[in-house]
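If you're matching positions, the sequence shown starts at -3 in our numbering and goes up one per residue.
All C-beta atoms in this analysis are idealised placements derived from N, C-alpha and C, irrespective of residue type, glycine included.
None of the values given here were measured: they were computed from a predicted structure.
To keep things clear, I will list the structure first and then write my remarks on it.
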Amino acid sequence: MKKVLVVEDSRLVSELLRIELGKRDFDVTVRDDGLEGLKTAKDIVPDILILDVMLPSMNGFKICRLLKFDKRFKNIPVIMLTTRSLEDDQKIGMTSGANAYMAKPFKIEVLVEKMEELLNEVGAVEG
(Lines of atoms letter the chains of each structure in order from A and count residues from 1; the text may use other names and numbers.)
(Lines give C-alpha, C1' and ligand atoms only; values in the text may rest on other atoms or scores of the structure.)
Protein backbone atom coordinates (compact mmCIF):
# COMPACT_ATOMS: atom_id res chain seq x y z
CA MET A 1 0.00 0.00 0.00
CA LYS A 2 1.51 3.33 -1.09
CA LYS A 3 1.52 6.20 1.41
CA VAL A 4 0.20 9.52 0.15
CA LEU A 5 0.31 12.78 2.08
CA VAL A 6 -2.34 15.32 1.09
CA VAL A 7 -1.74 18.88 2.30
CA GLU A 8 -4.98 20.70 1.49
CA ASP A 9 -6.90 23.30 3.50
CA SER A 10 -10.28 22.64 1.87
CA ARG A 11 -12.06 20.01 3.97
CA LEU A 12 -14.27 19.10 1.03
CA VAL A 13 -11.30 18.41 -1.27
CA SER A 14 -9.24 16.64 1.40
CA GLU A 15 -12.16 14.39 2.38
CA LEU A 16 -12.85 13.57 -1.28
CA LEU A 17 -9.19 12.63 -1.72
CA ARG A 18 -9.12 10.58 1.50
CA ILE A 19 -12.18 8.57 0.41
CA GLU A 20 -11.36 8.15 -3.28
CA LEU A 21 -7.66 7.39 -2.83
CA GLY A 22 -8.47 5.05 0.06
CA LYS A 23 -10.79 3.10 -2.26
CA ARG A 24 -7.82 2.71 -4.61
CA ASP A 25 -5.63 1.16 -1.91
CA PHE A 26 -3.62 4.24 -0.94
CA ASP A 27 -2.79 4.88 2.72
CA VAL A 28 -3.88 8.54 2.96
CA THR A 29 -2.74 11.08 5.55
CA VAL A 30 -4.26 14.57 5.38
CA ARG A 31 -3.02 17.84 6.84
CA ASP A 32 -4.68 21.24 6.38
CA ASP A 33 -1.74 23.49 7.28
CA GLY A 34 1.58 24.01 5.52
CA LEU A 35 3.88 23.66 8.54
CA GLU A 36 1.97 20.61 9.77
CA GLY A 37 2.23 19.12 6.29
CA LEU A 38 6.00 19.67 6.20
CA LYS A 39 6.44 18.11 9.65
CA THR A 40 4.23 15.15 8.76
CA ALA A 41 6.11 14.56 5.50
CA LYS A 42 9.37 14.35 7.45
CA ASP A 43 7.77 12.00 10.00
CA ILE A 44 6.08 9.52 7.65
CA VAL A 45 8.17 9.91 4.44
CA PRO A 46 5.28 9.30 2.02
CA ASP A 47 5.61 7.65 -1.39
CA ILE A 48 3.90 10.65 -3.04
CA LEU A 49 2.67 14.11 -1.98
CA ILE A 50 -0.31 16.14 -3.12
CA LEU A 51 0.09 19.81 -2.19
CA ASP A 52 -2.28 22.73 -2.44
CA VAL A 53 -0.55 26.04 -3.14
CA MET A 54 -2.56 28.34 -0.88
CA LEU A 55 -2.19 27.00 2.67
CA PRO A 56 -2.13 28.48 6.16
CA SER A 57 1.36 29.10 7.63
CA MET A 58 3.41 27.99 4.58
CA ASN A 59 2.49 27.71 0.90
CA GLY A 60 2.84 24.56 -1.17
CA PHE A 61 5.64 26.00 -3.32
CA LYS A 62 7.82 26.48 -0.23
CA ILE A 63 6.98 23.02 1.16
CA CYS A 64 7.93 21.46 -2.16
CA ARG A 65 11.20 23.41 -2.37
CA LEU A 66 12.19 22.54 1.21
CA LEU A 67 11.45 18.85 0.73
CA LYS A 68 13.25 18.59 -2.61
CA PHE A 69 16.43 19.98 -0.98
CA ASP A 70 16.35 17.01 1.43
CA LYS A 71 17.95 13.94 -0.17
CA ARG A 72 15.30 11.67 1.40
CA PHE A 73 12.63 13.45 -0.65
CA LYS A 74 14.52 14.14 -3.86
CA ASN A 75 12.83 11.29 -5.75
CA ILE A 76 9.42 11.45 -4.06
CA PRO A 77 6.84 12.74 -6.56
CA VAL A 78 4.95 15.92 -5.75
CA ILE A 79 1.70 16.93 -7.42
CA MET A 80 0.57 20.53 -6.96
CA LEU A 81 -3.24 20.57 -6.92
CA THR A 82 -4.62 24.09 -6.85
CA THR A 83 -7.09 26.68 -8.06
CA ARG A 84 -4.10 28.80 -9.11
CA SER A 85 -3.89 27.69 -12.71
CA LEU A 86 -2.11 30.64 -14.29
CA GLU A 87 0.90 29.75 -16.42
CA ASP A 88 3.22 31.70 -14.09
CA ASP A 89 1.97 29.68 -11.10
CA GLN A 90 2.60 26.45 -13.00
CA LYS A 91 6.16 27.57 -13.76
CA ILE A 92 6.76 28.40 -10.09
CA GLY A 93 5.39 24.99 -9.12
CA MET A 94 7.65 23.17 -11.53
CA THR A 95 10.74 25.19 -10.59
CA SER A 96 9.93 24.44 -6.93
CA GLY A 97 10.49 20.79 -7.76
CA ALA A 98 6.92 19.62 -8.39
CA ASN A 99 6.54 16.71 -10.78
CA ALA A 100 3.05 17.72 -11.91
CA TYR A 101 0.69 20.67 -11.61
CA MET A 102 -3.08 20.09 -11.76
CA ALA A 103 -5.79 22.73 -11.61
CA LYS A 104 -8.99 22.46 -9.56
CA PRO A 105 -11.60 21.37 -10.31
CA PHE A 106 -10.06 18.04 -11.24
CA LYS A 107 -11.22 14.54 -12.11
CA ILE A 108 -10.15 11.94 -9.58
CA GLU A 109 -9.42 9.46 -12.38
CA VAL A 110 -6.97 11.89 -13.99
CA LEU A 111 -5.26 12.55 -10.65
CA VAL A 112 -4.94 8.83 -9.88
CA GLU A 113 -3.58 8.16 -13.37
CA LYS A 114 -0.93 10.87 -12.86
CA MET A 115 -0.08 9.50 -9.39
CA GLU A 116 0.39 5.98 -10.76
CA GLU A 117 2.47 7.28 -13.67
CA LEU A 118 4.79 9.18 -11.30
CA LEU A 119 5.05 6.27 -8.86
CA ASN A 120 5.92 3.92 -11.73
CA GLU A 121 8.62 6.33 -12.94
CA VAL A 122 10.15 6.41 -9.46
CA GLY A 123 9.97 2.61 -9.27
CA ALA A 124 11.75 2.30 -12.62
CA VAL A 125 14.51 4.68 -11.50
CA GLU A 126 14.97 3.00 -8.10
CA GLY A 127 14.39 -0.58 -9.32
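Quiz item: What are the residues that DSSP puts in a beta bridge with residue 1?
Solution: Answer is 25 and 45, bridged to residue 1.
Quiz item: Taking just the CA atoms, how far does residue -2 sit from residue 12?
Solution: In a straight line, the C-alpha of residue 12 is about 18 Å away from that of residue -2.
Practice problem: Answer with buried or exposed for residue 110, where buried requires no fewer than 16 other C-beta atoms within 10 angstroms of its C-beta. | Solution: Answer is buried; the Cβ neighbour count reaches 16.
Quiz item: Looking at the structure shown, is residue 51 part of a helix, part of a strand, or coil, going by DSSP?
Solution: The answer is coil: DSSP assigns residue 51 none of H, G, I, E or B.
Self-check item: residue 75 (DSSP reduced to helix, strand or coil)
Solution: DSSP places residue 75 in strand when its eight states are reduced to three.
Quiz prompt | Segment limits, beta strand (DSSP E) that includes residue 96 | solution = Here the beta strand (DSSP E) through residue 96 covers 96 to 99.
Quiz prompt | The alpha helix (DSSP H) enclosing residue 20, as first and last residue numbers | solution = Neither: residue 20 is in no alpha helix (DSSP H) and is coded neither H nor E.
Quiz prompt | Beta-carbon contacts of residue 95 that lie in its chain and below 6 Å, excluding the five residues immediately before and after | solution = In the same chain as residue 95, and ignoring 5 residues on each side of it, the C-beta atoms closer than 6 Å to its own belong to 73, 74 and 114, in chain order.
Quiz item: Anyone know if the C-beta pair for residue 48 and residue 105 falls short of 8 Å?
Solution: The Cβ atoms of residue 48 and residue 105 do not sit closer than 8 Å to each other.
Quiz item: If residue 2 sits next to residue 46, beta carbons under 8 Å apart, how far is it from one beta carbon to the other, in whole angstroms?
Solution: Going by Cβ atoms, the distance from residue 2 to residue 46 rounds to 5 Å, so yes, they are a contact pair.
Practice problem: Excluding the 5 residues preceding and the 5 following residue 92 in the sequence, name in chain order all residues of the same chain whose CB lies nearer than 6 Å to its CB. | Solution: Excluding positions up to five away in sequence, the list reads 57, 60 and 61.
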